[in-house]
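Q: Position one of the sequence shown corresponds to residue 172 (the working numbering), numbered consecutively onward. Every residue gets a Cβ at the ideal spot worked out from N, C-alpha and C, and that includes glycine.
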Amino acid sequence: MRHRILIPVLVLVALLSGCADRSQDAATLRFTAIPDQNTTELRERFQPVASYLSKALGVPVEYVPARDYQASVEMFRNGDVHLAWFGGLTGVQARLAVSGAHAIAQGAADPNYYSYFIAHASTGLDRSDAFPAAIKDLNFTFGSESSTSGRLMPEYFIRQLGGAAPSEFFSRPFGFSGSHDKTIELVESGQYQAGVVNYKVYERRVSNGEVDPEVVKVIWRTPYYADYNFTAHPELETLFGAGFTQRLQTALVAMDDPALLSALPRERIIPASDEEFDVILAVARELGMVR
């Protein structure tokens with residue numbers, strides 16, 4: 172008889188324990204970032220940011236790596252994360268997918284962002300203020316298909332200044348490397364003759380001695396556009412109470428430790444608003460990348 176009573180009690184305890192675990196999980200602020208660079212490096216760099224936010228906000232904070240750009244959007248859409256460091260395009264996609272989501276912070280450089288078109292020295296191309304039309308006959312790679320600086324805006328400028336969509340502009344099939352680091356590596360190795368990258372990633376790699384600018388040469392800088400941003404999920408207010416999103420924005424803007432800012436990498440963080448990315452939304456709609 173004792174065994175018969177004990178088993179239901181143990182089951183009940185286990186169920187209650189599981190509920191407690193889920194409740195505890197739900198009270199953890201999870202955030203992610205688009206994997207525009209090496210994912211292992213990103214995990215190492217964002218962990219200190221998680222620790223900073225946890226201390227500033229008084230709640231557990233965990234960085235969750237994303238497999239690729241679209242995975243970061245899906246994680247946000249599904250509520251698996253409630254804060255994300257998105258690019259301009261992925262931020263727009265996430266906010267369209269989740270009603271009530273808003274851009275809350277960005278780097279000081281992000282309202283005036285740009286891309287570099289790069290080419291291997293063997294192409295003979297040099298830096299110019301004019302759009303490099305000669306790339307049409309080269310083996311060319313974009314970054315991720317969902318990258319603002321590695322695909323969306325470069326494609327827009329190719330259409331505007333090159334006069335045709337990439338499928339018609341390039342005389343050879345073009346590729347998608349998946350990340351800015353990979354684009355640079357592919358051009359450096361000669362697997363691709365040219366490509367387009369986030370200017371900050373290129374400059375960081377040159378500064379760190381990871382790429383020779385005389386081998387992988389910048390041949391053109393795009394016009395400015397708005398790009399990266401922290402986007403907050405509306406569930407933050409439910410999970411952590413009214414006003415939490417404002418507290419989160421304040422903590423992000425107050426983050427002034429260079430070691431923490433290097434995760435992004437940015438020199439400082441400023442507030443952001445959805446309206447600053449209206450041009451990105453318009454271009455994405457024009458190119459059929461969002462509805």
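Taking a contact to mean a Cβ-Cβ separation below 9 Å, would you say I289 touches L423 in this structure?
A: Taking 9 Å as the Cβ cut-off, I289 and L423 do not qualify as a contacting pair.
Q: Indicate whether V232 and F202 have their beta-carbon atoms separated by less than 9 Å.
A: Yes; because the gap between Cβ atoms is below 9 Å, this pair is in contact.
Q: Which residue's Cα is closest to the Cα of A335: V387, S315, V367, K307?
A: Checked all of V387, S315, V367, K307; the closest Cα to A335 is K307.
Q: I'd like the ranges of any alpha helix (DSSP H) spanning at least 4 consecutive residues and lying wholly in the stretch 258-308.
A: For the stretch 258-308, whole alpha helix (DSSP H) runs of length 4 or above, ordered along the chain, are 259-268.
Q: Sort out for me which residues DSSP pairs E233 with in a bridge.
A: Beta-bridge pairing links E233 to R201.
Q: In the DSSP assignment, the beta strand (DSSP E) including V461 goes from what residue to what residue?
A: No beta strand (DSSP E) holds V461; DSSP gives it neither H nor E.
Q: Going by DSSP in three states, G414 sits in which element: helix, strand or coil?
A: Coil, per DSSP.
Q: Considering V220, what are the terminal residues of the alpha helix (DSSP H) in which it resides?
A: Unbroken alpha helix (DSSP H) run through V220: 210-228.
Q: Quick one: any contact between the stretch 333-352 and the stretch 383-398, if contact means 3 or more CB pairs under 8 Å?
A: Not touching, per the Cβ criterion.
Q: Go ahead and pull the three-state DSSP assignment for Y363.
A: The answer is coil: DSSP assigns Y363 none of H, G, I, E or B.
Q: I need the DSSP call for S194, collapsed to helix, strand or coil.
A: A caution first: S194 carries a pLDDT of 39, below 50, which makes its placement in the model unreliable, though a value can still be read off. Correct three-state label for S194: helix.
Q: So the beta strand (DSSP E) P384 belongs to, where does it begin and stop?
A: Neither: P384 is in no beta strand (DSSP E) and is coded neither H nor E.
Q: Tell me which residues share the same chain as A443 and place their Cβ nearer than 8 Å to its Cβ, disregarding the 5 neighbours each side in the sequence.
A: The residues are A274, I275, A276, Q277, D281, N400, F401.
Q: Should L332 and A198 be called a contact, given that it needs their Cβ atoms to be closer than 9 Å?
A: It is not a contact, given that the beta carbons lie outside the stated cut-off.
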